[in-house]
Structure formats: C-alpha cells, structure tokens
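Letter 58 of the sequence shown, counting from 1, is numbered 58 in the UniProt record's numbering, and no numbers are missing.
Report on the following structure.
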Amino acid sequence: MIDMHDIVKKFYIGQPNELTILKGLDIQVREGEFVSVVGASGSGKSTLMNIIGVLDRPSEGSYVLDGVDIATIADDELSEIRNSKIGFVFQTFNLIPRTSALRNVELPMLYAGVPMGERTRRAKQLLAMVEMDDRMDHMPNELSGGQKQRVAIARAMANDPSIILADEPTGALDTATGRLVMDLFHTLHRDQGKTIVLITHNPELAQETERIITLSDGEIIGNRAGAEVCI
Ligand code: ADP
Ligand code: MG
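See the structure below:
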C-alpha cells in the first residue's frame, strides 16, 4: 500500500539555509496493516505523515501509494488521490466550524462528486458507526473532544479510503476517551481491513499495533512488531 525508498525532506528557511528533516527513509506498509510511528517531538513524524498523505511531496526519493507513483503525477491529480485514497485524523480534530457534524462528514463526498441524497445517507451511516448519529445536527463547538474525534473519524471514512492516517488522534483526549478512539481504529482495521498509520506519543497504544516504526531526528531507528497481536 505504501512503498517509500530513500525519502528525504528538506525545508528551505531562506538562502542559503536548508534543514534536512527526513534523512532517507525506507518505509513499506502492506494493505490491511496497522502500523504506528513513534518518536520525540520534532523527530519528523508529522512531516512524514504529510508526505504519506500526499499533502506534501518529498524532496528526494520514490513513493508509490496503492500502485500510484507519486513522483510522476501532476499536482492537480494529487488532491484527487488524497481525497479518494486517504482519510486524515488530526490531534485537533480539524472539523469545519459552524457546520454540523452531518455536513462535516458529507464534505469529502461533495468534493468527490457524490450526489446529495447518497452523501447524506452514507454520512448518517458513518455517524451511526461511531455512535454519533444522535448528535448529527450539532455544531463542533457543541461537542466534547471525544465526540469531535469520532465525527472526524467518520469524516475520514467518507470516501472509503484505502488508508487512514492519524496524527496523534488521542493527544488531546483523556485516557478513557482516547481508549474509545483507539478501539474505533481497531474496529476499522479488524472489520473493514483498513490500512492504518497511527502517529502517537503513547507507547502503550503503539504496542497495540502490528508494527512500531521509531523515528529519531529524521531517521528510522526502530521497526519492530507490537507487543499484542491484533486479530
Ligand atoms: P513531529 O511531528 O515529530 O513533532 P515535525 O515533522 O512536525 O515533527 O517537525 C520536524 C522538524 O521539522 C521540526 O524541527 C520542525 O521545526 C521542522 N519543520 C516542520 N515543518 C517545517 C517547515 N514547513 N519549515 C521548516 N521547518 C519545518
Ligand atoms: Mg507532529
């Protein structure tokens, strides 16, 4: 599903300075795998996630996502690939304010050209899956953190993505609420075969995934199985 070789990411911070943030990463994730990425703050996790999610391109290296060679495709095709293949979940939820939970979940389908009736039907189904169907007319500011994240997960699933990318999805939640969100990822993995890349600061949550990739200062220093086998 994800096949990266020698990925380098540099940021230019004004001539002649440049920062090399990712220093030649090789990452392979197979279809249906649940992988976590751990590492200290500033180690490059979010930069990597932006590249995996084709929000950003690598400076060097090759990346094939679900059979698509990202290096050779045009910019305008990138957003289409992103919208159809990837579901994003962020620490800060990133719901659209002053827009109901239902409309938030419908939005990626609107961009994908799904007809209105079908959008609403599927959005309601997804909100039921995350047990938020009784809150579908609520605005984001009328929801708790855990509820916002459940809506965000429903939204991430809107276009039935091949991959779910979650950048510290439990980082802003208390332990019990984080647990519920983590259980939701396990369900999507187990029951729907989703490929999931989870960035987390929480070593216990990482242990629950099938494989743990450890980043340090833009390099992979660990790549090992998690402690618990997920069925
Ligand atoms: P993490 O998610 O692991 O905390 P990030 O990927 O956000 O780390 O950042 C890694 C490093 O890259 C940090 O030192 C950060 O300051 C730097 N960085 C991230 N984005 C940019 C950017 N757009 N321009 C310059 N430096 C950046
Ligand atoms: Mg980060």
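We put the beta carbon where it would ideally sit given N, CA and C, even for glycine.
Quick one, which of the options has its alpha-carbon nearest residue i's?
i           : options                       : result
residue 236 : Arg119, Gln149, Leu165        : Outside the displayed span of the chain (1 to 231) sits residue 236, for which this structure offers no information.
Asp217      : Gly145, Ile21, Val29, Phe185  : Ile21
Glu208      : Leu102, Ile13, Glu33          : Glu33
His186      : Met109, Ala206, Gln15, Glu80  : Ala206
Gly226      : Val38, Ile96, Glu118          : Val38
Ala166      : Leu198, Gly145, Asn141        : Leu198
Pro97       : Asn141, Ile70, Thr177         : Asn141
Leu78       : Gly87, Val89, Arg57           : Arg57
Leu126      : Asn223, Met109, Thr175, Ala71 : Met109
Ile196      : Leu95, Asn202, Arg211, Pro203 : Arg211
Asp160      : Gly117, Ser43, Gly87          : Gly87
Glu204      : Glu31, Gly178, Lys194         : Gly178
Ala71       : Lys45, His5, Lys85            : His5
Ala152      : His201, Leu102, Asp134        : Leu102
Thr175      : Lys124, Gly146, Asp191        : Gly146
Ser41       : Gly117, Gly222, Thr200        : Thr200
Met139      : Asn94, Met116, Arg121, Glu118 : Asn94
Identify whether residue i lies in helix, strand or coil by the three-state DSSP scheme.
i      : result
Gln91  : coil
Gly39  : coil
Val130 : coil
Gln28  : strand
Ser162 : coil
Gly222 : strand
Glu33  : coil
Thr20  : strand
Met4   : strand
Thr170 : coil
Val105 : helix
Val99  : The amino acid at residue 99 is misidentified as Val; the sequence shows Thr. If DSSP states are grouped into helix, strand and coil, Thr99 belongs with coil.
Thr187 : helix
Leu143 : coil
Val197 : strand
Glu208 : coil
Gly113 : coil
Met182 : helix
Ala152 : helix
Ala176 : helix
Ala123 : helix
Arg135 : helix
Leu48  : helix
Less than 8 Å between the beta carbons of residue i and residue j, yes or no?
i      : j      : result
Val8   : Gly61  : yes
Leu48  : Leu65  : no
Asp137 : Ser100 : yes
Ile51  : Gln28  : no
Ala158 : Thr92  : no
Tyr111 : Asn83  : yes
Val35  : Ile213 : yes
Ala154 : Met182 : no
Lys10  : Ser59  : yes
Ile164 : Leu188 : yes
Val89  : Pro169 : yes
Which residues share a DSSP beta bridge with residue i?
i           : result
residue 256 : Shown here, the chain extends from 1 to 231; a query on residue 256 therefore has no answer.
Tyr12       : Glu18
Distance cutoff 8 Å, beta carbons only. Does residue i sit that close to anything in chain B?
i      : result
Ala172 : Given the protein chain composition of this structure (a single chain), no chain B is represented.
Those runs of the beta strand (DSSP E) which lie wholly inside the segment 50-97 and span at least 3 residues
60-65, 86-90
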